[in-house]
Amino acid sequence: LNNDSFTFFRPQVNSQEIFAHGRDPFFPAWTDTIQVNYFNSEAREFMINILLSLTELCDGVRCDMAMLSLNNVFENTWLGSIEHYGNDKPKSEFWEEAIKKVKEKSPEFIFIAEAYWDLEWELQQLGFDFTYDKRLLDRLESDDIQGIREHLEAHKNSQLKSVRFLENHDESRAITKLGKYKSFAATTIISTIQGMKLYYDGQFEGKKIKLPVQLGREPVEKVSTTVSQFYDLILNITKHEIFKFGDWKQLYPESVGENNLSFQNILTWQWKFKNEIRVIVINYSSGTSYCRLKFDITTLNENISLLDLMTDNVFNRSVNEIKTNGLFIELKSYKSHIFAFND
Numbered sequence: 003l004n005n006d007s008f009t010f011f012r013p014q015v016n017s018q019e020i021f022a023h024g025r026d027p028f029f030p031a032w033t034d035t036i037q038v039n040y041f042n043s044e045a046r047e048f049m050i051n052i053l054l055s056l057t058e059l060c061d062g063v064r065c066d067m068a069m070l071s072l073n074n075v076f077e078n079t080w081l082g083s084i085e086h087y088g089n090d091k092p093k094s095e096f097w098e099e100a101i102k103k104v105k106e107k108s109p110e111f112i113f114i115a116e117a118y119w120d121l122e123w124e125l126q127q128l129g130f131d132f133t134y135d136k137r138l139l140d141r142l143e144s145d146d147i148q149g150i151r152e153h154l155e156a157h158k159n160s161q162l163k164s165v166r167f168l169e170n171h172d173e174s175r176a177i178t179k180l181g182k183y184k185s186f187a188a189t190t191i192i193s194t195i196q197g198m199k200l201y202y203d204g205q206f207e208g209k210k211i212k213l214p215v216q217l218g219r220e221p222v223e224k225v226s227t228t229v230s231q232f233y234d235l236i237l238n239i240t241k242h243e244i245f246k247f248g249d250w251k252q253l254y255p256e257s258v259g260e261n262n263l264s265f266q267n268i269l270t271w272q273w274k275f276k277n278e279i280r281v282i283v284i285n286y287s288s289g290t291s292y293c294r295l296k297f298d299i300t301t302l303n304e305n306i307s308l309l310d311l312m313t314d315n316v317f318n319r320s321v322n323e324i325k326t327n328g329l330f331i332e333l334k335s336y337k338s339h340i341f342a343f344n345d
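For the sequence shown, the residue numbers in my numbering are 3 to 345.
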């Protein structure tokens with residue numbers, strides 16, 4: 003307590019005891035929390051019972067900083083305290099025990115992990131249904147287009163269990179950090195790839211102020227008609243069953259000419275379900291970009307009509323041209339196509 007009064011404290015009642023606040027090993031402790039000793043079997047049982055009781059109240063839980071309870075992380079964070087109490091490192095992981103017991107009672111109960119440090123896959127293997135995909139958000143913020151493309155090449159199981167988001171209670175508002183039109187492009191990306199989509203309260207209205215979770219009342223912000231209309235459009239498009247039951251595949255744009263490298267700014271993929279196809283093309287840059295794009299098409303017709311769901315424009319194109327040279331694409335700054343057609 004004398005060495006770290008920010009992390010350790012005495013309660014106002016029964017002040018002979020000393021507690022610790024929860025903490026990330028790289029940052030100061032959170033003073034509105036109390037740390038549980040996950041190397042103590044009774045503490046584990048206590049926490050599991052809380053989770054079991056929650057199955058009577060809700061459909062799932064979002065577990066804050068879930069990776070901090072992993073044995074190796076917990077040991078590195080609290081080594082001094084662990085040695086003081088003489089707790090041995092458990093052979094099993096807390097989350098593996100907890101999720102197994104909860105799922106035995108309520109198989110449909112959902113576990114979502116807030117997770118960082120590339121520990122998402124490990125938490126998925128321990129039973130988490132979904133894990134935060136902060137890595138994608140970082141790449142969207144830094145305009146790492148090739149990094150985004152490579153990120154989406156990960157194993158399908160990992161993609162399906164990833165929570166895609168632009169905002170949450172810890173992050174700045176999308177409009178504030180990205181700007182309006184870049185945030186539209188980023189939203190189109192996360193809304194049309196595999197995985198769970200997380201939209202935060204106020205995001206659909208274009209709110210700009212990041213609120214502390216402790217705040218009981220938020221300031222009044224004017225609703226942005228442009229933002230709300232965009233979200234109405236993208237949600238209406240992506241509610242179609244193809245985005246839930248279809249097969250997703252990343253596509254790769256090609257240059258329109260050897261001296262034009264703007265195709266590198268374009269992200270593109272397709273969804274296929276029954277005889278329906280959606281082809282998504284996004285210019286994730288501040289300048290006009292061009293590409294040629296080949297995608298799955300098996301029709302015997304000479305021409306095909308592509309309906310752009312973003313604008314309701316219809317493009318009649320040669321099937322042979324799409325197969326051989328690729329569909330010619332020109333997209334202005336942060337604009338997108340979502341083509342719909344039957345094959």
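Where is the CB? At the ideal position from N, CA and C, for every residue including glycine.
For residue i, the three-state DSSP class (helix, strand or coil)
i	result
Arg294	strand
His153	helix
His171	coil
Leu302	coil
Asn234	The identity of residue 234 in the sequence shown is Asp, whereas the question assumes Asn. In this structure, Asp234 counts as helix in the three-state DSSP scheme.
Lys179	helix
Ser307	strand
Ile282	strand
Asn318	strand
Gln148	helix
Ile331	strand
Glu256	strand
Asn51	helix
Gln272	strand
Val15	coil
Ala342	strand
Asp249	strand
Phe21	strand
Val229	helix
Lys158	helix
Lys325	helix
Lys184	helix
Spatial distance of residue i from residue j (CA atoms)
i	j	result
Tyr233	Phe206	6 Å
Glu44	Ser17	22 Å
Val316	Ala342	10 Å
Phe132	Asn303	42 Å
Glu2	Leu72	Given that the chain is displayed from residue 3 to residue 345, the structure contains no residue 2 and the question cannot be resolved.
Arg46	Ile331	56 Å
Ile211	Thr227	17 Å
Val104	Glu95	15 Å
Arg64	Gly24	17 Å
Lys325	Lys209	43 Å
Ser335	Asn305	29 Å
Thr57	Gly204	28 Å
Glu116	Tyr134	5 Å
Ile299	Ile279	9 Å
Arg166	Asp145	16 Å
Asp172	Arg12	28 Å
Candidates the options: closest to residue i by CA position
i	options	result
Gln127	Leu180, Glu155, Gly82, Phe113	Phe113
Lys337	Val222, Asp298, Ile236, Glu106	Ile236
Ser291	Gln252, Asp298, Met198, Ile268	Ile268
Phe8	Glu19, Asp34, Gln14	Asp34
Glu77	Glu169, Tyr134, Ile50, Asn39	Asn39
Leu121	Asp145, Glu85, Asn74, His23	Asn74
Asn159	Glu260, Trp250, Asn327, Arg64	Trp250
Met67	Trp119, Glu85, Met49	Trp119
Asn367	Ile340, Phe297, Leu333, Asp90	Missing from the structure shown is residue 367; the chain here goes from 3 to 345 and no further.
Thr240	Leu180, Met312, Thr79	Met312
Glu98	Leu81, Leu53, Val15, Lys179	Leu53
Cys293	Leu253, Glu278, Asp26	Leu253
Ile340	Thr189, Gly259, Asn170	Thr189
Pro109	Arg141, Leu125, Lys163, Gly62	Gly62
Trp271	Phe186, Leu168, Glu155	Glu155
Heavy atom of the ligand SAH within 6 Å of residue i beta-carbon
i	result
Tyr118	No copy of the ligand SAH appears in this structure; indeed no ligand is present at all.
Contact with chain B by residue i, beta-carbon distance below 7 Å
i	result
Val38	Absent from the structure: chain B. Only one protein chain is present.
- Cβ contact check for the region 255–267 and the region 280–298: 3 or more pairs under 8 Å: yes
- Task: Kindly confirm or deny that the region 212–224 and the region 187–200 touch, where touching means at least three C-beta pairs closer than 8 Å.
- Result: No, the region 212–224 does not touch the region 187–200.
- Query: Hey, which unbroken runs of the beta strand (DSSP E) at 3 residues or more fall wholly within the region 55–119?
  - Reply: 62–65, 112–115
- Is the region 159–177 in contact with the region 78–92, if contact means three or more CB pairs nearer than 8 Å? Too few Cβ pairs lie closer than 8 Å, so no.
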